[in-house]
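Chains as they are written, first to last, in this note's numbering: chain A, 752 to 863; chain B, 83 to 196.
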């Protein structure tokens with residue numbers, strides 16, 4: 752099981768770009784990297800997923816270096832509503848449910 | 083329309099009681115899950131259920147038992163509740179039992195055991 756490490760918390764200001772890095776030194780060849788967002792009193796919500804290099808969608812970008820031992824979630828021009836906990840999840844295609852290991856997450860606070 | 087719904091949203095009960103939490107998904111997914119989120123906000127998977135195949139996290143006490151009357155429902159039954167069971171329980175679903183499938187989470191059930 753690939754274990755992930757993220758900063759416990761981060762602060763930012765509205766309009767800034769925020770980068771949250773997740774370390775997964777033991778990532779396996781078949782593992783994908785997925786990020787979820789959780790607002791208070793809600794369930795986690797999928798943000799983005801990738802295997803290598805760079806993935807971009809309407810919400811965020813995900814940068815994965817060649818060795819894949821880390822990944823960086825990039826949120827462009829954050830707003831107050833981006834205040835949430837962000838989870839990095841690593842697992843392999845075809846894995847059973849118990850391989851879904853959520854790390855402690857990064858609590859992002861966006862300040863006005 | 084709510085994709086994954088749970089009832090109740092809040093549940094307060096006494097130690098030793100038996101309680102159930104219901105979960106329903108209208109996404110047509112084949113796999114459903116139960117997660118526990120404790121006071122430290124760690125999100126830990128308890129069960130995954132796919133086409134009548136139950137996969138249990140070995141750390142989950144056998145007082146917890148998932149029950150699936152059909153593919154759209156996965157209820158969580160808890161016997162002999164203990165103080166340490168207090169947490170937020172999330173139901174989720176995904177198209178298949180594959181970690182690359184997006185999981186859709188319910189709003190959570192906050193269980194408080196007194």
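Where a beta carbon is used, it is the ideal one built from N, C-alpha and C, also for glycine.
Nearest-angstrom Cα separation, counted from residue j out to residue i
i, j, result
"residue 778/A", "residue 804/A", "15 Å"
"residue 145/B", "residue 162/B", "7 Å"
"residue 793/A", "residue 787/A", "12 Å"
"residue 848/A", "residue 137/B", "With a pLDDT of 49 at residue 848/A, under the threshold of 50, the modelled position of this residue cannot be trusted; read the value that follows with caution. If you take the alpha carbons of residue 848/A and residue 137/B, they lie about 7 Å apart."
"residue 183/B", "residue 176/B", "6 Å"
"residue 810/A", "residue 99/B", "44 Å"
"residue 179/B", "residue 108/B", "17 Å"
"residue 830/A", "residue 151/B", "42 Å"
"residue 191/B", "residue 147/B", "16 Å"
"residue 87/B", "residue 761/A", "31 Å"
"residue 828/A", "residue 84/B", "29 Å"
"residue 764/A", "residue 789/A", "19 Å"
"residue 806/A", "residue 783/A", "12 Å"
"residue 185/B", "residue 157/B", "17 Å"
"residue 780/A", "residue 124/B", "26 Å"
"residue 130/B", "residue 766/A", "39 Å"
"residue 139/B", "residue 111/B", "21 Å"
C-beta neighbour in chain B for residue i, strict 8 Å
i, result
"residue 814/A", "no"
"residue 795/A", "yes"
"residue 758/A", "no"
"residue 790/A", "no"
Assigned exposure category for residue i - 16 Cβ within 10 Å defines buried
i, result
"residue 96/B", "exposed"
"residue 194/B", "exposed"
"residue 862/A", "exposed"
"residue 172/B", "buried"
"residue 822/A", "buried"
"residue 819/A", "buried"
"residue 188/B", "buried"
"residue 132/B", "buried"
"residue 94/B", "exposed"
"residue 167/B", "buried"
Residues that DSSP places opposite residue i in a beta bridge
i, result
"residue 146/B", "160/B"
"residue 97/B", "DSSP, once it has assigned bridges, lists no residue as partnering residue 97/B."
"residue 119/B", "125/B and 170/B"
"residue 770/A", "825/A"
"residue 141/B", "Answer by DSSP bridge pairing: none, since residue 141/B is not bridged."
"residue 814/A", "805/A and 823/A"
"residue 132/B", "113/B and 135/B"
Helix, strand or coil at residue i [DSSP, three-state]
i, result
"residue 112/B", "coil"
"residue 782/A", "strand"
"residue 831/A", "helix"
"residue 801/A", "strand"
"residue 167/B", "helix"
"residue 854/A", "coil"
"residue 124/B", "coil"
"residue 86/B", "strand"
"residue 842/A", "strand"
"residue 759/A", "coil"
"residue 179/B", "coil"
"residue 151/B", "strand"
Proximity test, Cβ basis, 8 Å: residue i and chain A
i, result
"residue 146/B", "no"
"residue 169/B", "no"
"residue 154/B", "no"
"residue 165/B", "no"
"residue 189/B", "yes"
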